[in-house]
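At the far end of the sequence shown sits residue 1123, using the working numbering, and the numbering has no gaps.
Even for Gly, the Cβ is constructed at its ideal location relative to N, Cα and C.
Predicted model, so just to flag it, every value in this text is computed and none were measured.
Shown next, in structure tokens, is the structure this report addresses.
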Amino acid sequence: MLAKKSFASDNNAPVHPRILKAIRNANQGDYIAYGDDPYTEKAVEKFKEHFGKNIDVYFMLTGTGANVLGLKTVTDSFNSIITAETAHINIDECGAPEKFTGCKLITIPTANGKITVAEIKKLMHGIGDAHHSQPRVVSITQSTEMGTVYKKKEIEEVANFAHKNSMILHMDGARIANAAASLSMGFKKLTTDTGVDILSFGGTKNGMMLGEAVIFFNKEISENFKFIRKQGAQLFSKMRYISAQFIEYLSNDLWLENATHANEMAKILEKEIRKIDKIKITQPVEANGIFAIVPKKYIPSLQKKSFFYIWNEEKGEVRWMTSFNTTRADVHDFVESIKEVLRK
Ligand SMILES: Cc1ncc(COP(=O)(O)O)c(C=O)c1O
């Protein structure tokens, strides 16, 4: 049976056929495990083509693993990590960042998922005071959990402020491809060139089967990461299968094609939803997510038609996501099913 297109999450999408083919092609013969294989060597070269030569990159199994271990590398347990209240590391990682780093997460309430220097400044108290946790990392998400995108200048401002205050800038880039496509900018311009120190690079949400990466832009801080990754249970033995995916993903613009398409589908969905009086879109649609307030009484019937997540129970705010395989027909059918429920 062919499943209906889901607008609940880009994680619900299948694997892109080119990725599946790359896995199949890699499925021949024996290779040394744990990353000492030619696929991994080539994949690392691909990352260097996109981010510049001076990076250190490590492949991971999950985005949570990438975030948590990247943060662990640069913190002591007396440090704090400043991030948006809506951040995945704050809401959706079951406290793993706190557990693995021992750090206090200091969160900033945001209207749109983005944090600014003005807001971070307000938290810079008690520096050097033994009674206070010491801010060490600012973590931003690109694209954000609210479907918005940091502009290059906004990242630079946060990076400059972080560095002036001896802090590290971490970027959760689970959806960095959608942000790069949205800004028509390569990865390097958004990261290496803006002053990001550590990037969690996502592949899974944009067509890969599994595979994320941690990229360090300063090799001094990554010195012990190979040990941290192993201790953190993220060193995958049959690494060639992640590497083969990354080679394909980062070749011939597959990442860009997929993300551009997902973003375009979100724009079409936005346009159609804006025509429905009873629904109010709450965020600028800048990547592949749409947030909207739907009268609460309709939500269960809508979810029965096609499951999606409620983002804010109180407000009746829901989240719809598009992905590389969303079609215009899927969007049309989804909108029609919404209209049908709202007519009742
Ligand atoms: C912003 C963000 N960061 C990280 C992740 C990675 O999560 P996972 O550990 O499920 O791969 C996700 C997945 O939903 C996400 O949305």
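Pick from the options that is closest to residue i, judged by C-alpha positions
i     : options                    : result
K1094 : A1071, S963, Y1028         : A1071
E1119 : S1080, F1087, V1097, D1109 : S1080
K1057 : K800, L1029, E1096         : E1096
D816  : D1112, F838, I798, L969    : F838
T841  : G831, E824, S979           : S979
A953  : D871, Q807, Y818           : D871
E828  : Y1088, I1026, I1117        : I1026
L1033 : H795, T1105, S785          : H795
Y813  : S963, D976, F1015, K1076   : F1015
M950  : K1083, I1052, I894         : I894
V836  : L1035, P1074, F1004        : F1004
T819  : G831, A805, K832           : A805
Own chain partners of residue i with C-beta closer than 8 Å, once the 5 adjacent residues on each side are dropped
i    : result
R879 : Per the sequence shown, the amino acid found at residue 879 is Phe instead of Arg. Excluding sequence neighbours, F879 sits near V847, L848, L850, K851, G1011.
Range covered by the beta strand (DSSP E) that runs through residue i
i    : result
E991 : 991-995
N804 : Element bounds for N804: not the beta strand (DSSP E) but the alpha helix (DSSP H), 796-805.
A863 : 858-863
I887 : 883-887
Integer Cβ distance of residue i from residue j, believed to fall under 8 Å
i     : j     : result
G990  : N1037 : Incorrect: roughly 14 Å between the Cβ atoms, too far for contact.
K825  : L1029 : 4 Å
N1104 : A787  : Wrong, their Cβ atoms sit about 14 Å apart, outside the cutoff.
I802  : Y1020 : 6 Å
I887  : A863  : 6 Å
E1043 : I1069 : Contact doesn't hold; Cβ gap of about 13 Å is too wide.
D789  : M1100 : 5 Å
Residue i - containing alpha helix (DSSP H), residue span
i     : result
F1004 : 1004-1010
H1040 : 1033-1053
H942  : 931-943
G849  : 842-852
N957  : 955-962
Contacts around residue i, its chain only, beta-carbon distance under 6 Å, and the 5 residues preceding and following it disregarded
i    : result
I885 : S859, I861, L902
A845 : M839, S979, E991, V993
Neighbourhood of residue i by C-beta distance below 7 Å, restricted to the same chain and skipping five residues each side
i    : result
A909 : none
T927 : N891, G892, K893, Q1062, P1063, E1065
M946 : P914, R915, V916, V917
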